[in-house]
Amino acid sequence: MKRRDFILKTLGAGAGVAAGATIGLGGYHNLMGANPGMPQLPHDLVAVKGGDPVTMFDKAMKSLGGMKNFVKQNQTVVVKPNIGWDVPPERAGNTNPNLVGRIIEHCFEAGAKKVYVFDHTCDKWNKCYETSGIEKAAKDNGATVVPGNTEGYYQEVEVQGGKSLTLTKIHELLMESDVFINVPILKHHGSADLSIAMKNLMGVVWDRGYWHRNDLHQCIADYCTYKRIPDLNIIDAYRVMKRNGPRGVSVDDVIMMKQMIVSTDIVAADAAATRIFGEEPSDIGHIKIADNMGVGTMDLSKLNIDRVIL
Amino acid sequence: MRLGVLKKIRVGISLVFLIILFAVFLDFGNHFATGVINGFTWPQFIPSLLKFMTVAGIATSGFILITIITLLFGRVYCSTVCPLGIMQDIFSRLFRKRGKGKKRKKPFKFTKPQNKLRFGILVMTIITFISGSIFLINLLDPFSIFGRLINNLARPVYFGANNVLSGILKEFDIFSVASIEFKGISLVSFGMSLAFLALIGWFSVRRGRLYCNTVCPVGALFGLLSRVSLFRLAIKESRCTSCGLCLFNCKAECIDVKHKEIDFSRCVSCYNCITSCPSNGIYFKNALKPAKDPVFETPVDRTKRKLFTGTSALILGVTSGLFAQKNIKNEKPTTVPTDREYPVSPPGAGALDHFNNTCTGCQLCVTECPTQVLQPAMFEYGIWGIMQPVMDYHASFCNYECNICTLICPSGALLPLKLEEKKFTQLGVAEFIKDNCVVHTDNTACGACAEHCPTKAVHMVPYEEGDGKLKIPEVDDKICVGCGACEYACPTTPYKAIYVNGNAQHVKAEKPKQEKLDNEVDYKEEFPF
């Protein structure tokens, strides 16, 4: 529904709409950190290769024991894809819309009460939402698409473990929702070297300029010391932008890699994705810093990895 | 024939024009096809005339139709097509004081025309235009004034209301109404709009269409034309009982009941006289049939001239005062100022000369621009270009995949560009200032500019003075389109480390060169971990 249609209808329906929408003012009860009661997972990390995003995601979830290990009955979920640019899926600037749709489907099957999708975009937000195909995929699967275009949606929080980044404003949905699922796309990045899971979290904060001004790699790692980090990271490496990132110039920047990395450890997920991109994790500033700060591990040899080749 | 139906038709058409144009200027333009918007701006006299001077054709000939109608029936334009005229009617309907008995609005009186003033302004407008300045047209074109009133005064109110509603709904977990980021007010444009609203509002409530018959150059021009109109409203002396009802309802105050004459040069064709006359005494007189023609020679009313000059001085005083207060200071300073040689004009402007001499500052492009990068100019184009749209890269940047401003410009200041053409139209060129750049000053990674660049004209290259891993921006002038994404994204203050210097003449940018990547991936190969 268009925004203004909505206004008109709201004015018309009046109290009816308001009454039908008293789905609770979600409190900030999830600031305690990762989803409590998460069971021991069969693997630390799953890598899948050779299928379409939906098939690969289904495989990965099967390997990790299903979405019910992450989403409980009646919980609210935030799915945070990369929707940064006004480019279509073939350009691989944004997360694959089919993958986003499938994740939402899994969440609802696991009993989610509500699933929200948003990003703080770089290009004009509503154009990004539309052109990326993610708005449609999300709505078709019953998710609520939320804007992140004005400062009013963001709340200031203290990043206690941060070195350069100690205060930042994060999207209020993150504070209000039970589960936080991070769905980045793997791509080249002119300033952060690679944009993967940690870098994708720049889309949950308001003032990105601060990060750029105050040691970008350090800020990216700093944010991950904050208590509200993703409960699950699903890295889309189906189409991968190999150069000119993060926006890309044309489809010539993109190659078809047909891979996916899923992990609860954001540093490990980024390290694995870095490898499949063809780089060394220790060469990527923010991955190395995050590993040093103890956010997670980039040493993949220590992990129990499920490798699935379709 | 029952002429009363004319008023109904007039009111119907005028409301459609007013509502559509109001909606378009408010923020709802993206709900209309560009063809619809262009349809409603097509007959707007001054924009159409200017566009015709740039690209003559059917699509720009609205002013010819309006001229013909005026020569036939008088100033039909003023009460049906002109949104500023219709808006004044609404003002006077809503706010005009009640007369005795409280049932009826205070009646209008016949007044003498302000010929020297109105024709003086018309002559000055024409002379300055011929001598190369569009300034007075920009200032006085009624369509553009209307656009600015809505854009500068009503639109912020709408944004505020939208955001309040958005905030309330958000609390109920409804996110369908997104809040709108407001990129700020251009003080000159805002002040001017406020001053015009005060002037026009006061005139319309007190004296009906006084503005149209004293200040508006289009009104004055049509006033001249309608003196020779083929059909003119007149009073049938045999039927007139001198009751004065026609005059009481005449917003132009142009009916002389005593002499049973209508000053048709001031008549805005609202047809109130026709419907208010109890004895059907108003009719269209064919000018070709001999009859005595009224002559209007009256001394100028000096009080109103003073009033006008006084108001103008006030406008200038207030706006320059506001401007003086503008102060850009920040706590974390960069050192090298970014002085643009030329401001960046919108896509489709072609050349600054053409643009500055054709744009009437209606700000339709400003309201249509999805990113709000188009803002009314302060003094970027100099004092004579105030209120014309300028690319403000501190407010936002030009969406690479958008060409809407070029498609809807009513005056031809912006000429249509196909999206593919627009993508390679270089509005200006990014200039990198290393001494302001975070990479250079702090020795840390940044690259926000290169991230946002749609063509990679701004790209990162190894930074020789750094630790070997750092990269610093570099600009390829040939493929830069001047969209301003780099400048907007640059985090340094008060001066950016990269800014776009406008092109006085837009040129074609080269296409980015792209080599094919090796796309061979073995999907059965083991993972590298």
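The listed protein sequences correspond, in order, to chains F and W. Using my numbering, the letters of the first sequence correspond one by one to residues 8 to 317. Using my numbering, the letters of the second sequence correspond one by one to residues 2 to 530. All C-beta atoms in this analysis are idealised placements derived from N, C-alpha and C, irrespective of residue type, glycine included. The structure displayed is predicted, hence computed values, not measured ones.
* V53 (chain F) to G73 (chain F) span [Cα, whole Å] -> For V53 (chain F) and G73 (chain F), the distance between alpha carbons rounds to 12 Å.
* To do: Measure the CB-CB distance between L551 (chain W) and I151 (chain W) and report whether it falls below 9 Å.
  => Residue 551 (chain W) is absent from the model: chain W starts at 2 and stops at 530.
* So, D185 (chain F) versus Q82 (chain F), is the Cβ gap smaller than 9 Å? -> A contact, by the Cβ cut-off of 9 Å.
* Asked: Roughly how many angstroms lie between the CA atoms of A279 (chain F) and I273 (chain F), to the nearest whole one?
  -> For A279 (chain F) and I273 (chain F), the gap between their C-alpha atoms comes out near 10 Å.
* To do: Count the other C-beta atoms from every protein chain shown that fall within 10 angstroms of the C-beta of V229 (chain W), then say buried if there are 16 or more, exposed otherwise.
  => Around the beta carbon of V229 (chain W), a 10 Å sphere encloses fewer than 16 other beta carbons of the protein chains shown; the residue is thus reported as exposed.
* Could you work out which residue in F:W213, F:H224 and F:G57 is closest to L201 (chain F) when comparing CA atoms only? => Out of F:W213, F:H224 and F:G57, F:H224 has the C-alpha closest to the C-alpha of L201 (chain F).
* Between the CA atoms of A505 (chain W) and V374 (chain W) - distance to the nearest angstrom -> Cα to Cα, V374 (chain W) sits roughly 19 Å from A505 (chain W).
* For V274 (chain F), does the three-state DSSP call read helix, strand or coil? -> The answer is helix: DSSP assigns V274 (chain F) an H, G or I state.
* To do: Determine whether the Cβ of P253 (chain F) lies closer than 9 Å to any Cβ atom of chain W.
  => With a threshold of 9 Å between beta carbons, P253 (chain F) makes contact with chain W.
* To do: For A199 (chain W), count neighbouring Cβ atoms within 10 angstroms of its own Cβ and tell me buried if that reaches 16, exposed if not.
  => Counting other Cβ atoms within 10 Å of its Cβ, A199 (chain W) stays below 16 and is therefore classed as exposed.
* Asked: Which of the residues in the region 130-146 of chain F, read from start to end, lie with their CB under 8 Å from any CB of chain W?
  -> Sequence-ordered contacts of the region 130-146 of chain F with chain W read D130, K131, W132, N133, K134 and T138 [C-beta pairs closer than 8 Å].
* Asked: Based on Cα-Cα distance, which residue from W:Y159, W:A57, W:I122 and W:K419 lies nearest to F29 (chain W)?
  -> It is W:Y159 whose Cα lies nearest to the Cα of F29 (chain W).
* Asked: In chain F, which residues lie with their C-beta within 8 Å of the C-beta of V522 (chain W)?
  -> Close partners of V522 (chain W) in chain F (Cβ separation under 8 Å): I262, M263, M264 and K265.
* To do: Determine whether the Cβ of V256 (chain F) lies closer than 9 Å to any Cβ atom of chain W.
  => Answer yes: the Cβ-Cβ gap between V256 (chain F) and chain W drops below 9 Å somewhere.
* Among W:N39, W:P411, W:R208 and W:T215, which one has its Cα closest to the Cα of V124 (chain W)? -> A check of alpha carbon separations from V124 (chain W) across W:N39, W:P411, W:R208 and W:T215 identifies W:T215 as the nearest.
* **Cross-chain neighbours of K517 (chain W) in chain F, by beta carbon under 9 Å** => Per Cβ cutoff of 9 Å: D259.
* **CB of T361 (chain W) within 9 Å of CB of S145 (chain W), strictly** => If you check the CB distance, T361 (chain W) and S145 (chain W) come in under 9 Å.
* **Residue from W:W43, W:K98 and W:D436 whose Cα sits closest to the Cα of R207 (chain W)** => Comparing Cα positions, the closest option is W:K98.
* To do: Ignore the nearest five residues each way along the sequence and tell me which others in H50 (chain F)'s own chain have a CB closer than 7 Å to its CB.
  => S70, L71, N311, I312 and D313, listed in sequence order.
* Asked: The beta strand (DSSP E) with H460 (chain W) in it runs from where to where?
  -> V459 to P463 is the extent of the beta strand (DSSP E) around H460 (chain W).
* With 16 as the cutoff for other CB atoms within 10 Å, does G483 (chain W) come out buried or exposed? -> By the 10 Å Cβ count, G483 (chain W) comes out buried.
* Among W:V337, W:S49, W:G86 and W:G349, which has the Cα closest to the Cα of I14 (chain W)? -> The candidate whose alpha carbon is nearest that of I14 (chain W) is W:G86.
* Outcome for A451 (chain W) when other beta-carbon atoms lying within 10 angstroms are tallied against a minimum of 16 -> Counting other Cβ atoms within 10 Å of its Cβ, A451 (chain W) reaches 16 or more and is therefore classed as buried.
* **Inter-stretch contact (C-beta, 8 Å, three-pair minimum) for the region 101-115 of chain F and the region 412-426 of chain W** => Between the region 101-115 of chain F and the region 412-426 of chain W, the count of Cβ pairs shorter than 8 Å is below three; the stretches do not touch.
* Coarse secondary structure for D290 (chain F), derived from DSSP in three states -> Here D290 (chain F) carries a helix assignment [DSSP, helix/strand/coil].
* **Residue nearest to E183 (chain F) in terms of C-alpha spacing, selected from F:K194, F:L174, F:Y161 and F:A204** => Checking every option, the nearest Cα to that of E183 (chain F) belongs to F:Y161.
* Helix, strand or coil at I316 (chain F) according to DSSP, with G and I counted as helix -> Here I316 (chain F) sits in strand by DSSP.
* Asked: Which of the residues in the region 173-193 of chain F, read from start to end, lie with their CB under 7 Å from any CB of chain W?
  -> For the region 173-193 of chain F, the set of residues with a beta-carbon nearer than 7 Å to any beta-carbon of chain W is empty.
* To do: Measure from the C-beta of K56 (chain F) to each C-beta in chain W and report whether the shortest distance is under 9 Å.
  => Chain W contact via Cβ: present.
* To do: Mind the definition here: the region 506-516 of chain W touches the region 236-245 of chain F only if three or more C-beta pairs lie below 8 Å; say whether that holds.
  => Contact between the region 506-516 of chain W and the region 236-245 of chain F is absent, because fewer than three Cβ pairs lie under 8 Å.
* Asked: What does S280 (chain W) touch in chain F if you count any residue whose Cβ is under 8 Å from its own?
  -> None at all; the shortest Cβ gap to chain F is about 46 Å.
* Check distances from the C-beta atoms of the region 286-306 of chain F to those of chain W and list, in chain order, the residues that come in under 7 Å. => Going along the region 286-306 of chain F in chain order, one finds G292 with a Cβ nearer than 7 Å to chain W.
* **Closest residue to F92 (chain W) among W:V56, W:S205, W:P143 and W:F41 (Cα-Cα distance)** => Among W:V56, W:S205, W:P143 and W:F41, the Cα nearest to that of F92 (chain W) belongs to W:S205.
* **Meets three-Cβ-pair contact criterion under 8 Å: the region 222-242 of chain W and the region 258-269 of chain W** => Enough Cβ pairs lie closer than 8 Å, so yes.
* Can you check the region 187-262 of chain F for any beta strand (DSSP E) of at least 3 residues that lies completely inside it and give the ranges in chain order? => DSSP runs (the beta strand (DSSP E)) wholly in the region 187-262 of chain F: 192-196, 200-202 and 239-248.
* Pick out whichever of W:P495, W:V430, W:G161 and W:L408 has its Cα sitting closest to the Cα of A60 (chain W). => It is W:L408.
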